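Okay, so here's the structure we're looking at.
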Amino acid sequence: MTYTEALKKISSLERFGSKPGLERIQKLLQMMWNPQDSLKYVHVAGTNGKGSTCALIASVLEKARYKTGLFISPYVTDFCERMQINGEKISHEELAEMVGKVFPLVERMNQNGEIITEFELVTALAFAWFAQKGCDIVVLEVGLGGRLDSTNVIQTPLVSVITSISSDHTKVLGNTLAQIAYEKSGIIKDGGVTVCYPEQKPEVLEILQKTADKRNNRFVLADMKSVVPLSMNLNGTGLLYGELLVHLPFLGEHQIKNAVTALAALEVLKEKGYHISGHSFESGFASASFPARMEVLSMNPTVILDGAHNPDGMAALAATVRKYLPDKKITAIVGMLSDKDVKASVENLAGLFSNVITLVPKNPRAMSAEDLAEHFRLVGTPAESMENSREALKKALSVVGKEGTLFVCGSLYLAGELRPLALDLLSRK
1 MTYTEALKKI SSLERFGSKP GLERIQKLLQ MMWNPQDSLK YVHVAGTNGK GSTCALIASV
61 LEKARYKTGL FISPYVTDFC ERMQINGEKI SHEELAEMVG KVFPLVERMN QNGEIITEFE
121 LVTALAFAWF AQKGCDIVVL EVGLGGRLDS TNVIQTPLVS VITSISSDHT KVLGNTLAQI
181 AYEKSGIIKD GGVTVCYPEQ KPEVLEILQK TADKRNNRFV LADMKSVVPL SMNLNGTGLL
241 YGELLVHLPF LGEHQIKNAV TALAALEVLK EKGYHISGHS FESGFASASF PARMEVLSMN
301 PTVILDGAHN PDGMAALAAT VRKYLPDKKI TAIVGMLSDK DVKASVENLA GLFSNVITLV
361 PKNPRAMSAE DLAEHFRLVG TPAESMENSR EALKKALSVV GKEGTLFVCG SLYLAGELRP
421 LALDLLSRK
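In case it helps, UniProt numbering puts the sequence shown at residues 1 to 429.
Structure follows, in structure tokens:
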């Protein structure tokens with residue numbers, strides 16, 4: 001089986017199961033001899049900040065000389081980004097080989113009416129690869145929710161981590177923050193330890209703490225007082241953590257909160273006997289990378305790529321822009337999915353951009369470019385819709401010149417399409 005054939009097999013599966021639950025993934029993994037049971041985990045759920053928090057934890061563990069698996073979603077430019085060991089993606093050949101071995105099991109289940117979803121298969125493949133490679137520890141990002149997410153087949157992890165919780169995926173997780181928090185709290189396991197993002201909304205925090213109490217799970221609320229920000233600019237953030245000087249390459253005050261959450265989780269691992277030196281903290285944070293999360297592609301002009309795609313994500317983006325780029329005229333390219341709260345997201349960007357070009361992300365759930373442009377016009381931002389991504393980038397770069405600023409945001413699907421195009425066009429300047 002070739003890599004292209006493997007991707008076709010994966011994408012041929014349904015995106016959502018007809019009935020939420022862990023029964024299908026459990027049965028598939030049983031047929032694969034339960035590779036997940038041989039591994040140890042840091043399990044991470046939340047609405048925003050999951051990926052950045054995972055990247056920071058994994059990078060520090062790698063620098064501490066642990067063979068560290070990382071499972072994330074979605075990918076930005078290459079499907080294999082979803083499974084990494086010590087920063088190296090699974091190879092195209094390895095993925096194809098594994099799909100070739102596992103897909104017959106999927107077909108057998110599908111024939112029996114037990115329809116395996118795309119994410120269930122990808123999760124099972126990741127477990128098998130991490131086990132085959134003998135990972136010391138796996139940083140495991142929840143795909144959607146937590147309670148019924150495929151990743152939640154694992155036993156009690158070394159530490160569960162809950163990042164910022166807000167409204168998203170409401171059709172699946174519920175319309176209220178309480179309902180969403182309940183779903184996320186599903187990764188809080190009996191007898192474990194949970195680390196929580198430092199600034200959750202009160203109704204969210206109450207549910208998480210009550211769940212932890214019921215399950216005899218030690219609940220640790222990450223403390224913003226544990227770090228002191230020293231500097232903040234487009235090169236990153238300097239933090240004082242105890243006696244350590246830590247460079248955080250991610251931009252934004254929300255990323256400081258993600259960093260504090262990651263640090264608290266790593267301290268739990270230290271309590272459990274993991275040897276993580278001060279140098280591992282410093283070098284791990286400094287070398288952490290996560291594409292399309294306030295990623296600076298260029299300084300002249302300033303081109304920044306961000307995957308913010310919901311109201312809270314857009315609010316964090318707006319706060320970051322106003323702090324790092326005050327009084328700058330900014331052009332933006334934006335594309336969003338129609339199942340997001342587009343109105344509230346755009347309202348959180350009101351007055352931020354001098355002009356906007358809208359595009360359609362390559363996803364069947366994408367909102368039309370013209371409909372999105374109209375949302376921006378309603379909040380007083382000049383906007384035009386375009387069809388061709390490369391032409392939109394060319395136009396935006398010509399508008400900003402060498403001294404201006406261009407933002408790309410609204411969807412990781414859009415970021416994944418535009419990132420290589422932007423790097424190519426910038427290299428020609």
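All residues carry an ideal CB built from backbone N, CA and C; glycine is no exception. It should be emphasised that the depicted structure is a prediction, and the values quoted were computed from it without experimental measurement.
(Q) With distance defined between alpha-carbon atoms, name the residue in Leu208, Ile154, Tyr324 nearest to Leu177. (A) For this step, residue 177 is matched to residue 177 along the sequence shown. When only C-alpha atoms are compared, the closest one is Leu208.
Q: Using beta-carbon positions only, say whether Pro301 and Leu425 come within less than 8 Å of one another.
A: Here residue 301 refers to the residue found at position 301 when the sequence shown is read from its first residue. Here residue 425 refers to the residue found at position 425 when the sequence shown is read from its first residue. Cβ atoms of Pro301 and Leu425: not closer than 8 Å.
Q.
Looking at Tyr197: is its Cβ nearer than 8 Å to the Cβ of Gly46?
A. Taking the first residue of the sequence shown as 1, we reach residue 197 at position 197. Taking the first residue of the sequence shown as 1, we reach residue 46 at position 46. Result yes, Cβ atoms of Tyr197 and Gly46 sit closer than 8 Å.
Q. Three or more C-beta pairs closer than 8 Å, one from the region 137–155 and one from the region 113–126: is that the case here?
A. yes
Q) When DSSP labels each residue in this structure, what does Ala383 get in the three-state scheme? A) Stepping through the sequence shown from its first residue, residue 383 is reached at position 383. Ala383 falls in the strand class under three-state DSSP.
Q. For Val379, which option in Glu347, Leu39, Ile72 has the closest C-alpha, if you only look at C-alpha atoms?
A. The residue given as residue 379 occupies position 379 in the sequence shown. The residue with the shortest Cα to Cα distance from Val379 is Glu347.
Q. Hey, would you say the C-beta of Glu88 is under 7 Å away from at least one heavy atom of the ligand SAH?
A. Among the ligands in the structure shown, none appear at all, so the ligand SAH cannot be discussed.
Q: To the nearest angstrom, report how far apart Phe79 and His92 are at their CA atoms.
A: Numbered from 1 along the sequence shown, position 79 holds the residue referred to as residue 79. Numbered from 1 along the sequence shown, position 92 holds the residue referred to as residue 92. Distance between the alpha carbons of Phe79 and His92 is about 9 Å.
Q: Check each candidate in Glu387, Lys8, Lys27, Val400 and name the one with the smallest Cα separation from Glu120.
A: For this step, residue 120 is matched to residue 120 along the sequence shown. Glu120 has its Cα closest to that of Lys27, out of Glu387, Lys8, Lys27, Val400.
Q) When DSSP builds the beta bridges, which residues end up paired with Glu88? A) Numbered from its first residue, the sequence shown carries residue 88 at position 88. DSSP, once it has assigned bridges, lists Ile85 as partnering Glu88.
Q | Cα-Cα separation, Ser287 to Gly238 | A | Reading the sequence shown from its first residue, position 287 is the one you call residue 287. Reading the sequence shown from its first residue, position 238 is the one you call residue 238. Roughly 13 Å separates the two Cα atoms.
Q | Own chain partners of Glu295 with C-beta closer than 6 Å, once the 5 adjacent residues on each side are dropped | A | Counting from one through the sequence shown, the residue named residue 295 turns up at place 295. Counting only Cβ-Cβ distances below 6 Å, and skipping sequence neighbours, we find Leu305.
Q | Expected contact under 8 Å - CB spacing of Asn48 and Thr163 to nearest Å | A | As a first step, residue 48 must be located in the sequence shown, where it is residue number 48. As a first step, residue 163 must be located in the sequence shown, where it is residue number 163. Their Cβ separation, rounded to whole angstroms, is 7 Å, which keeps Asn48 and Thr163 in contact under 8 Å.
Q. Just how far apart, CA to CA, sit Arg215 and Leu148?
A. As a working mapping, residue 215 is identified with position 215 in the sequence shown. As a working mapping, residue 148 is identified with position 148 in the sequence shown. Roughly 17 Å between the two C-alpha positions.
Q.
For a quick check, are the C-beta atoms of Glu14 and Ile115 less than 8 Å apart?
A. Taking the sequence shown and counting its residues from 1, the one referred to as residue 14 is at position 14. Taking the sequence shown and counting its residues from 1, the one referred to as residue 115 is at position 115. Cβ distance < 8 Å, so Glu14 and Ile115 count as in contact.
Q: State the Cα-Cα distance for the pair Glu203 and Leu221, rounded to the nearest angstrom.
A: Mapped onto the sequence shown, residue 203 falls at position 203. Mapped onto the sequence shown, residue 221 falls at position 221. Those two C-alpha atoms are separated by around 15 Å.
**Q.** Test item: CB-CB of Val342 and Ile330 under 8 Å
**A.** Numbered from its first residue, the sequence shown carries residue 342 at position 342. Numbered from its first residue, the sequence shown carries residue 330 at position 330. Contact: no.
Q. When we look at the beta-carbon of Ser150 and count the other beta-carbons within 10 Å, is it buried (16 or more) or exposed?
A. For the purposes of this step, residue 150 is taken as the residue at position 150 of the sequence shown. Looking at its Cβ environment, which holds 16 or more other Cβ atoms inside 10 Å, Ser150 is buried.
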